[in-house]
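Each residue of the sequence shown is one higher than the one before, counting from 1 in my numbering.
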Amino acid sequence: MSLDKKIQISDAEWEVMKVVWELKRPTSGEIISCLNSNGFDWSPKTIRTMITRLVKKNEIKCKEEDGLLRYSSIKEKDRLIKDAGKRFLKKIFDGGTSNLLLHFVNNTDLSNAEIEELQKSLDQKRDEQKK
């Protein structure tokens, strides 16, 4: 399935996913409590609607354990982030990785440690391509 045809997760749904990843197998009540304690002023009904959407999108699953419905991620966090990154890259930077990197390097204050980390990653990538 191409990235364009994949079901996308809204920004609000990403927040729910972060809680599911963090808490591992939370109940809807735990998700609601965590989001509200992190400053999200969403009603319980709104959060339950987002949970339902994520189940329908096949991003999380629901399983009854000891009389409680618990939610867990179907896909690995890294996989979803990678797919979202590819969609962002294609949508905003026409798929050009160098355009993205140059934008952030030129428009962000980077510490010396961050510059060294970027340089190290670029050097490793160059070495991999030589092989």
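All C-beta atoms in this analysis are idealised placements derived from N, C-alpha and C, irrespective of residue type, glycine included. Every value quoted in this text rests on a predicted model; they were computed, and no experiment measured them.
- Here the region 63–77 makes contact with the region 16–23; the two share three or more CB pairs at distances below 8 Å.
- Under the 10 Å beta carbon count, Ile-92 is surrounded by fewer than 16 other beta carbons and is classified as exposed.
- For Glu-22, the closest of Trp-42, Asp-11, Cys-34 by C-alpha to C-alpha distance is Cys-34.
- By the 16-neighbour rule on beta-carbons within 10 angstroms, Ile-81 is exposed.
- At least 9 Å separates the beta-carbon of Lys-63 from that of Leu-54.
- DSSP links Ser-33 through a beta bridge to no other residue.
- The C-beta distance from Ile-31 to Ile-51 rounds to 7 Å, short enough to fall under 8 Å.
- Beta-bridge pairing by DSSP links Glu-65 to Leu-68.
- Between Trp-42 and Glu-13, the alpha-carbon positions lie close to 12 Å from each other.
- Rounded to whole angstroms, the gap between the alpha carbons of Leu-118 and Leu-89 is 18 Å.
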